[in-house]
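> Residues in the sequence shown are numbered consecutively from 832, following the numbering used here. Dumping the structure here so I can ask a few things about it.
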Amino acid sequence: MSFNTFGHLFRVTTFGESHGPAIGCVVDGCPPRIPLSEADIQPYLDKRRPGQSRFTTQRQEPDTVRILSGVFTDGDSGQPVTTGAPIALMIENVDQRSKDYSAIKDSYRPGHAGYTCDVKYGLQDDRGGGRASPRDTAMRVAAGAIARKVVPGLSVRAALIQMGPHKIDREAWDWAEVERNPFFCPDAKAAATFADFLDGVRKQGSSVGAIIEVVAEGVPPGLGAPIYGKLDGDLAGAVMGINAVKGVEIGAGFAAAMLSGEDNADEMRVGNDGRPRFLSNNAGGILGGISTGQPVVLRFVVKPTSSILTPRKTVDRYGNETEVMTKGRHDPCVGIRAVPIGEAMVACVIADHYLRQRGQVGETPAWPFKKPAV
Ligand SMILES: Cc1cc2nc3c(=O)[nH]c(=O)nc-3n(C[C@H](O)[C@H](O)[C@H](O)COP(=O)(O)O)c2cc1C
832 MSFNTFGHLF RVTTFGESHG PAIGCVVDGC PPRIPLSEAD IQPYLDKRRP GQSRFTTQRQ
892 EPDTVRILSG VFTDGDSGQP VTTGAPIALM IENVDQRSKD YSAIKDSYRP GHAGYTCDVK
952 YGLQDDRGGG RASPRDTAMR VAAGAIARKV VPGLSVRAAL IQMGPHKIDR EAWDWAEVER
1012 NPFFCPDAKA AATFADFLDG VRKQGSSVGA IIEVVAEGVP PGLGAPIYGK LDGDLAGAVM
1072 GINAVKGVEI GAGFAAAMLS GEDNADEMRV GNDGRPRFLS NNAGGILGGI STGQPVVLRF
1132 VVKPTSSILT PRKTVDRYGN ETEVMTKGRH DPCVGIRAVP IGEAMVACVI ADHYLRQRGQ
1192 VGETPAWPFK KPAV
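In structure tokens, the structure reads:
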């Protein structure tokens, strides 16, 4: 099975299965002399880790990361720094319960990758999803922690802004609140609504979808390319690569269809610092595939968890019609744990484009340009 690598210069390869001994990744292309230790990575993994509240799966994976290569303690600073060599990271799997899947091993779970893996490869990993398992996303989160350190001044934050039919009040947006509730929700009142709503969903043995918004600040202007290496194209591809993501939008996104040309295009002025200032950000910080220097704003939708307690019609791999009901420990709303994963994918893509810009263009040209004398 190929296609386990993404990125060009900041290149991430992940490996492992949910029910194997370990998962890991190799980050190749990270510049040297960047301070890096496990302590820089672990907090992001802790945000994604299951079993932290009653609203996520009760699987207990400590997700303790080990750096195996690419970092050494620099004699001058006495600090662990990247060497420029491939950075290999590993997390041991400690809470696999394949027996949760044994009763349904030959039946395809509707909404899952079992059928498509079988029809493509002639086998499906019946221990719990194999490479299609979201366990792999732990490694993407770990790689994202490194990516954040590659781009000076970069901040990538995300928040859950809708669960099922319940939306946040954008006027009440408070980033500090994201750290205070189990949903990564920026609106305290909406978080309370989400809690009641999800308790009901969970008790019914059902599941629900969600929308997450990612905001990247400190993205320098000039990242991306006009055609094949569009920053928005690469972001959308990377975020669509997260399990259960069914749509991505940038800036005004699908709502742009409702706007007039006057309302949609972000007007420009010169700011007090002499830099261009946009009067709005419907473009989500990207024009013509290239970053403007404004915050990059992206939203993605995560579908409801497919594994639910209600019996569902399906077929087995031998061509018989049957029913399947998934027991085991599943998230009632996988959108919650997708929040740090979305942040990580955006950070990896921005780091990759930052290094690509440095490689091709070097210094971003100084703006404004000098008008040539006639
Ligand atoms: C963090 C995370 C956790 C997930 N956990 C589950 C789960 O417990 N049960 C489940 O049925 N699907 C879960 N999913 C979704 C499936 O992995 C995904 O729907 C499946 O692989 C099919 O892929 P697709 O939805 O991208 O087509 C999770 C997704 C993410 C991002």
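Where a beta carbon is used, it is the ideal one built from N, C-alpha and C, also for glycine.
According to DSSP, simplified to helix, strand and coil, what is Leu891?
Here residue 891 turns out to be Gln, not Leu, going by the sequence shown. Of the three classes helix, strand and coil, the one that applies to Gln891 here is coil, per DSSP.
> Please tell me whether, using a cut-off of 8 Å, the distance from the CB of Asp1000 to the nearest non-hydrogen atom of ligand 1 is below it.
Result no, Cβ not under 8 Å from ligand 1.
> Our contact map puts Asp937 next to Arg1168 with C-beta atoms below 8 Å; I'd like the distance itself, whole angstroms only.
Incorrect: roughly 28 Å between the Cβ atoms, too far for contact.
> Could you say which of Ala1114, Ala919, Tyr952 lies nearest to Ala1096 if we only look at CA atoms?
Checking every option, the nearest Cα to that of Ala1096 belongs to Ala1114.
> I need the straight-line Cα distance from Gly1064 to Gly1120, nearest angstrom please.
Distance between the alpha carbons of Gly1064 and Gly1120: 7 Å.
> Beta carbon of Lys936: closer than 8 Å to some heavy atom of ligand 1?
The answer is no for Lys936.
> Taking Ala974 as the reference, which of Val912, Tyr939, Met921 has the closest Cα?
Comparing Cα positions, the closest option is Met921.
> Identify the continuous alpha helix (DSSP H) that holds Met1176 and give its terminal residues.
Note, Met1176: alpha helix (DSSP H), 1169-1191.
> Any heavy atom of ligand 1 closer than 8 Å to the CB of Asn835?
No - ligand 1 has no heavy atom lying nearer than 8 Å to the Cβ of Asn835.
> Can you grab the Cα-Cα spacing for the pair Cys1164 / Val1101, in whole Å?
In a straight line, the C-alpha of Cys1164 is about 44 Å away from that of Val1101.
> With three or more C-beta pairs closer than 8 Å as the rule, is the segment 1123-1132 touching the segment 1035-1055?
Result yes; three or more Cβ-Cβ pairs closer than 8 Å.
> Is it the case that the CB of Ala990 approaches a heavy atom of ligand 3 more closely than 8 Å?
This structure does not include ligand 3; its bound ligands are ligand 1.
> Nearer than 8 Å: is that true of the beta carbon of Val1076 relative to any heavy atom of ligand 1?
Val1076 Cβ: within cutoff of ligand 1.
> With DSSP as the reference, label Gln993 as helix, strand or coil.
The answer is strand: DSSP assigns Gln993 an E or B state.
> Within 10 angstroms of the Cβ of Leu899, are there 16 or more other Cβ atoms? Answer buried if so, exposed if not.
Looking at its Cβ environment, which holds fewer than 16 other Cβ atoms inside 10 Å, Leu899 is exposed.
> Output the boundary residues of the alpha helix (DSSP H) element that contains Phe1025.
Element bounds for Phe1025: 1019-1034.
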